[in-house]
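Engineer:
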Amino acid sequence: MKDLNRAICALLQENARLSLSEIAEQVGSSVPTVSDHVKRMEADGVIKGYFTQVDPIAAGLDVAAFIFVNIDSSAQYDAFRRQCRARKEILECHATTGTASHLIKVRVANTAALEGLLSAIQQWKGVSGTMTHVVLSTHKETTVLPLTGDR
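If you're matching positions, the sequence shown starts at 1 in my numbering and goes up one per residue.
1) Just the C-alpha distance for ASP62 and ASN110, rounded to the nearest angstrom, thanks.
2) Do VAL135 and ALA64 come within 7 angstroms of each other at the CB atom, strictly closer than that value?
3) So, at 7 angstroms on beta carbons, what are the nonlocal neighbours of GLY60 in its own chain, with the 5 sequence-adjacent residues on each side left out?
4) Counting C-beta neighbours from all protein chains within 10 Å, is the total for GLU89 16 or more, i.e. buried, or is it exposed?
5) Three or more C-beta pairs under 8 angstroms: does that hold for the stretch 5–12 against the stretch 27–47?
6) For SER101, is the classification buried or exposed, using 16 other Cβ atoms within 10 angstroms of its Cβ as the cut-off for buried?
7) Please tell me whether, using a cut-off of 6 angstroms, the distance from the CB of GLN53 to the nearest non-hydrogen atom of the ligand PLP is below it.
8) Is the beta carbon of THR130 closer than 7 angstroms to that of VAL69?
9) Name the DSSP bridge partner or partners of MET131?
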């Protein structure tokens with residue numbers, strides 16, 4: 001990634017509401033140049049979107065958990081991933097190495113909702129087991145990638 005694109009992305013990750021002129025001023029470039037770079041990065045899929053970060057507690061989603069999922073055959077992976085994408089409670093789904101084939105991150109209102117979600121996941125075809133870790137407190141949670149400075 002070019003240095004200018006990296007700087008633009010770093011700023012937008014921190015505040016996606018910055019105007020092109022504010023970005024141009026901070027990166028030392030012109031507004032048309034910044035505009036061209038942003039449009040190109042959007043078209044190329046480097047910038048995937050602009051989002052509002054909502055406080056999960058304020059939204060009534062008090063319970064976060066990480067669920068390790070074992071799937072008995074790689075032939076079931078596509079179906080598993082489709083089911084994960086269809087469930088709004090599932091925020092992330094990762095194929096992993098180690099004792100489980102996948103790790104999912106979920107947010108739900110309460111432990112009863114978590115139990116219901118776990119029950120549903122355990123019934124999906126190919127799921128041979130789960131192990132759940134409930135989050136007690138969160139000390140860092142970000143979507144900001146380390147594009148500049150310390151890595």
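Where a beta carbon is used, it is the ideal one built from N, C-alpha and C, also for glycine.
Structural biologist: Reading from the atomic positions:
1) On the sequence shown, residue 62 is found 62 positions in, with the first residue counted as 1. On the sequence shown, residue 110 is found 110 positions in, with the first residue counted as 1. Near 6 angstroms, if we compare the C-alpha coordinates of ASN110 and ASP62.
2) Looking up residue 64 in the sequence shown gives position 64. Looking up residue 135 in the sequence shown gives position 135. Yes. Within cutoff.
3) Position 60 of the sequence shown, counted from the start, is the residue given in the question as residue 60. For GLY60, where only same-chain residues beyond five positions count, the Cβ hits under 7 angstroms are ALA109.
4) Position 89 of the sequence shown, counting from 1, holds the residue named residue 89. Taking a 10 Å sphere around the C-beta of GLU89, we find 16 or more other C-beta atoms and assign the residue as buried.
5) Output reads yes: the stretch 27–47 touches the stretch 5–12.
6) Counting from one through the sequence shown, the residue named residue 101 turns up at place 101. Around the beta-carbon of SER101, 16 or more other beta-carbon atoms lie within 10 Å, marking it buried.
7) This structure lacks the ligand PLP; in fact it carries no ligand of any kind.
8) For the purposes of this step, residue 69 is identified with residue 69 of the sequence shown, where counting begins at 1. For the purposes of this step, residue 130 is identified with residue 130 of the sequence shown, where counting begins at 1. Yes, the Cβ-Cβ distance between VAL69 and THR130 is below 7 angstroms.
9) Taking the sequence shown and counting its residues from 1, the one referred to as residue 131 is at position 131. As DSSP reads the structure, MET131 sits in a beta bridge with PHE68.
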